[in-house]
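Numbering (this note's numbering), first residue to last: 38 to 500. Everything on this sheet refers to the single structure shown next.
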Amino acid sequence: MSAPRSHLGKPTQYRWLVLGAIFLTYVVAMADRSNVGTVLPYMQQEFHVSNTALGAISSFFFLGYAISQIPAGILIGRMGTRTIVSIAVLLFSVITFLMGFTTTAVMLIVLRLLLGVLEGPTPVGMTSTINRWFPTKEKGLATGVYIASTQVAPLVVPVIAVFIAEAAGWRAVFHWFAIPGAIMAIVFFLVVRSRPSDAKLVNQAEADYISDVAGAVPVVAREFGDMGIIDRIIRLKDSAPLGDARSVLKSWNVWGITLAYFFMNNVLYGMITWVPTYLRDARGFDAVGMGFVASTPFIGGIIGAIAGGAVSDRLFRGRRKPTALITALMTAIMMALVIVIPQNTPLLVTALILTGFFLNIGWSSFTSYAMNLTTGRTYPFTIAVINSGGNLGGFFAPIIVGALLDATGSYSIAFSYFVGVLVVGFVLLLSITEIRPRKEQGAITATDGPSSLASDDPHEVIA
């Protein structure tokens with residue numbers, strides 16, 4: 038049953054508190070998955086394993102992550118996000134803690150796989166919550182803030198992890214990193230509700246604003262407008278929303294964005310895994326210097342993620358493809374520059390910052406693009422498909438780069454792989470269509486209201 042609703046005329050702003058909880062919780066999730074990149078050099082010294090095996094330690098997280106995405110999307114589509122995400126955060130924090138007791142590389146691989154399985158519900162839950170809690174004109178910005186959380190963790194993790202590892206050993210990194218997750222599981226449960234209608238601190242004015250009632254849909258159509266050549270490049274068209282799982286699975290737009298996202302994740306998680314080792318082995322940084330310089334792509338990433346959401350909402354008026362295309366093309370150029378740049382720390386830092394900026398300026402579009410394709414009920418399943426396929430890139434990239442390093446000993450050759458997959462991603466993005474927001478789509482319809490978006494009714498199915 039919906040909570041009693043205050044009828045004050047001025048909208049409350051509770052959705053921003055929800056976004057804050059999403060941001061902090063996902064910072065923790067990203068920290069737990071990315072800390073392994075910083076401690077890989079310590080593991081290699083203890084376990085004496087190949088680069089391919091090191092890549093596998095990182096990669097198996099994403100196999101578990103991909104496996105759990107679609108079941109998580111179906112479950113969240115039926116039951117809502119609050120309880121499922123809170124339990125998931127608590128459980129993956131337990132796995133993080135247990136990683137500090139491992140004595141073999143095989144044990145680490147198994148625990149990384151379990152970590153991925155248990156983190157799987159979090160991105161589906163976060164994006165589904167944003168889709169329900171924000172009006173169309175704020176979805177890009179809200180998603181950008183969420184994506185920025187994925188950059189905060191890799192920004193601070195290397196420095197913190199190196200400090201802990203140097204002071205207490207690499208196993209202590211996992212023990213300390215488990216604590217924030219237990220805290221945020223409680224915070225998320227207390228702050229977030231699956232639907233705005235369930236939150237007592239949301240008044241009717243904010244609920245109406247979120248659901249775009251009172252003539253907001255014509256405003257969206259007018260604001261979206263005509264952007265001439267940009268609309269021809271992105272292949273803008275009108276289309277009915279994907280109303281069931283069958284239509285989602287038959288859509289080239291869904292598979293095209295999924296494959297492009299797969300290649301973007303190759304680059305993101307390939308960098309998280311291998312940039313610290315690259316800085317040590319190819320650039321000659323010591324442990325402390327490695328920690329600081331390895332953080333620099335994520336300084337640019339935070340700026341790019343937040344700016345990209347605003348650019349997508351305002352400059353491109355809700356179009357998602359333009360910033361995604363910018364991400365693929367410009368990141369390829371910057372990665373090529375990182376490969377050939379001379380041994381000059383300021384130049385290298387600048388190139389890494391710009392790489393992170395361009396990689397993330399369109400990252401939120403891979404998530405928000407599906408919001409215009411779907412209804413509120415089919416969005417969780419759709420984003421689960423996109424996340425599942427996309428995050429397999431995080432499984433393959435660390436292993437592929439590790440194998441290239443073992444075979445050639447050259448980071449230039451290994452990192453050229455990133456340039457190649459970014460070009461392929463750019464071509465795939467050109468092949469999909471941008472869908473104009475329509476009144477009948479659940480993401481923006483005035484008649485759905487907040488209570489109908491990704492209903493918590495356990496008897497409601499999406500297929």
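Just so you know, even glycine gets a beta-carbon here, dropped at the ideal spot from N, CA and C.
By the neighbour-count criterion, in which a residue is buried when 16 or more other Cβ atoms sit within 10 angstroms of its Cβ, Ser349 is buried. Distance from the Cα of Ile267 is smallest, within the candidate group Ser449, Phe353, Val73, for Phe353.
Asn381 and Thr392 have their C-alpha atoms roughly 16 Å apart. DSSP places Met144 in the uninterrupted alpha helix (DSSP H) bounded by 142-156. As far as DSSP is concerned, Leu128 takes part in no beta bridge.
Beta-bridge pairing by DSSP links Ile472 to Lys274. Exposed is the label assigned to Gly457, since fewer than 16 other Cβ atoms lie within 10 Å of its Cβ. According to DSSP, Leu279 shares a beta bridge with Thr411. Where Pro217 is concerned, the enclosing alpha helix (DSSP H) starts and stops at 207-228. For Thr368, the uninterrupted alpha helix (DSSP H) run begins and ends at 358-377, by DSSP.
Counting along the chain, Asp443 sits inside the alpha helix (DSSP H) bounded by residues 416-445. Counting C-beta pairs closer than 8 Å gives three or more between the stretch 429-444 and the stretch 75-95, which meets the contact rule. For Met327, the enclosing alpha helix (DSSP H) covers residues 324-331. Straight-line measurement puts the Cα of Gly74 at about 6 Å from the Cα of Ile309.
When C-alpha distances from Ala202 are compared across Glu243, Gln82, Ile423, Thr387, the shortest belongs to Gln82. For Gln50, there is no enclosing alpha helix (DSSP H), as DSSP marks it with neither H nor E.
Rounded to whole angstroms, Arg272 and Ser130 show a C-alpha spacing of 43 Å. Where Asn303 is concerned, the enclosing alpha helix (DSSP H) starts and stops at 289-318. In the DSSP assignment, Met116 falls within the alpha helix (DSSP H) that extends over 88-116. In this structure, the straight-line span from the alpha carbon of Ile390 to that of Ser405 is close to 24 Å. Scanning its chain for C-beta atoms nearer than 8 Å, with the 5 sequence neighbours on each side dropped, one finds around Leu152 the residues Asp69, Arg70, Phe98, Gly101, Phe129, Ile132, Thr133, Met136, in chain order.
Shown here, Phe171 sits in coil according to DSSP, grouped into three states, outside any helix or strand. Just so you know, the alpha carbons of Gly431 and Gly46 end up roughly 47 Å apart. Scanning its chain for C-beta atoms nearer than 7 Å, with the 5 sequence neighbours on each side dropped, one finds around Val76 the residues Ala198, Ala202, Trp207, Val210, in chain order. In the structure shown, the three-state DSSP call for Leu384 is helix. By the Cβ test, the stretch 162-169 is in contact with the stretch 116-127, since at least three Cβ pairs between them sit closer than 8 Å. Scanning Val330, Tyr246, Tyr416, Thr295 for the CA closest to the CA of Ala103 turns up Thr295. Taking C-beta separations shorter than 6 Å and ignoring five residues to either side along the sequence, the partners of Lys358 in its chain run Ile271, Glu471, following chain order. Membership of Thr404 in the alpha helix (DSSP H) is indicated by the continuous run 400-405. Counting only the Cα atoms, Ala222 lies some 5 Å from Leu127. With contacts defined as CB atoms closer than 7 Å, Gly338 and Asn397 qualify as a contacting pair.
Judged by their CB atoms, Val189 and Val291 are not nearer to each other than the 7 Å cut-off.
DSSP places Ala244 inside the alpha helix (DSSP H), whose first and last residues are 241-247. Distances from the CA of Thr314 to each of Leu279, Tyr448, Phe60 were compared; the closest alpha carbon is that of Tyr448. Here DSSP, grouped into helix, strand and coil, assigns Leu238 to coil.
Remark: fewer than three beta-carbon pairs, one from each stretch, lie closer than 8 Å, so the stretch 411-422 and the stretch 331-346 are not flagged as touching.
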